[in-house]
Amino acid sequence: MPFFVPGADPGASFAELLRRVGPEPSPPGGTAPGTGPLEGAPPHGTTVLAIRHVDGVVMAGDRRATSGYAIASRRIEKVFSADDTSGVAIAGAAGPAVELVRLFQTQLEHYEKIEGEPLSLEGKANQLGQLVRSNLPAAMQGFVVIPLFAGYDERRDRGRVFSFDVTGGKYEETDFQTNGSGGVHARNWIKAQWREDLTRDDTVDLALRALFAAADEDSATGGPDLVRRIFPTVAVINADGFALIDDDEIARRADTLIGGREEGAGL
């Protein structure tokens with residue numbers, strides 16, 4: 002364990018440490034007094050989801066970011082590892098969202114180094130809620146960031162999913178949750194097909210089908226791009242930890258699902 006002289010203890014909160022000694026008066030995502038939102042529409046991430054299954058959780062997100070009615074990026078990443086056993090998916094203003102994820106990752110690492118043990122999954126969700134709340138001034142100016150958080154709870158031996166509101170309110174979801182402009186379409190698809198005994202592979206397929214359905218209904222959600230070979234980001238979190246599924250496997254599954262749809266087997 003590290004030792005510090007009186008008054009120099011950094012504490013377990015990296016965000017509080019930044020407020021004391023960092024160059025910024027608040028965590029990234031806020032705006033300086035007297036400033037307004039940037040001119041033009043900033044890039045926004047769209048549809049992300051998290052689905053619980055028998056061995057853990059699957060998180061997924063499409064790759065499109067939009068700026069107003071234009072496509073700002075076709076390859077944005079929206080699903081990130083928070084630490085070894087949890088992940089976070091972003092929707093909303095892309096710049097502040099990515100900065101919030103980086104700060105969250107650093108906060109979890111900082112806490113573990115200072116305290117000598119990792120936070121519980123519930124504690125990690127609470128920390129993320131505090132970071133979302135710190136972004137509220139920017140959210141009031143249009144830079145809204147609302148993540149999904151999921152992980153494998155080693156104490157309960159199961160996957161858990163948490164959602165948030167713009168004020169930092171945290172809510173545990175029983176089985177699944179979606180977020181972003183295409184979230185309602187993805188959620189309806191998941192709701193129709195989710196069951197308690199879903200395996201890892203079944204859940205990955207369900208996540209892809211839900212994103213495809215969202216892309217059919219929502220112009221801001223990107224479907225699989227077979228020409229550019231751009232596919233959704235999908236991560237599996239279980240007792241072995243956080244792992245991204247490689248693009249080759251997602252491409253094979255996407256080809257199968259799209260082929261089945263064309264033949265009438267249906268999304």
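Sequence positions in the sequence shown follow the working numbering and run 2 to 268. For glycine and all other residues, C-beta sits at the position ideal for the given N, C-alpha and C.
Here the alpha carbons of V59 and I91 stand approximately 15 Å from one another. Per the coordinates, the alpha-carbon of V237 lies some 19 Å from the alpha-carbon of S121. The beta carbon of L258 is closer than 8 Å to those of D206, L209, R210, F213 and L268 in its chain, skipping five residues each way along the sequence.
Across the set A240, D226 and R161, the C-alpha of D226 shows the shortest separation from the C-alpha of R64. Under the three-state reduction of DSSP output, A66 falls in the strand class. Two segments are said to touch when three or more pairs of C-beta atoms, one from each, lie closer than 8 Å; by this definition the segment 155-175 does not touch the segment 66-85. Straight-line measurement puts the Cα of L132 at about 20 Å from the Cα of D85. Contact annotation: G62 and T48 have beta-carbon atoms nearer than 8 Å. S87 is classed as buried because its beta carbon has at least 16 other beta carbons within 10 Å across all chains shown. A Cβ-Cβ distance of about 6 Å is found for the pair E174 and S164, placing them in contact under the 8 Å criterion. The continuous beta strand (DSSP E) containing D84 extends over residues V80 to D84.
Straight-line measurement puts the Cα of R229 at about 26 Å from the Cα of T179.
The three-state reading of DSSP puts D202 in helix, counting H, G and I together. With fewer than 16 other Cβ atoms from the protein chains shown falling within 10 Å of its own Cβ, G117 counts as exposed.
Rounded to whole angstroms, A139 and G260 show a C-alpha spacing of 43 Å.
Looking from the CA of A151, the closest CA among A215, R196, V55 and F177 belongs to F177.
For the pair V89 and A83, the CB atoms are nearer than the 8 Å cut-off. The beta-carbon distance between G93 and V55, rounded to whole angstroms, is 31 Å. This is too long to meet the 8 Å contact definition. In terms of Cα proximity to F243, the closest of F105, G160, L137 and P148 is G160.
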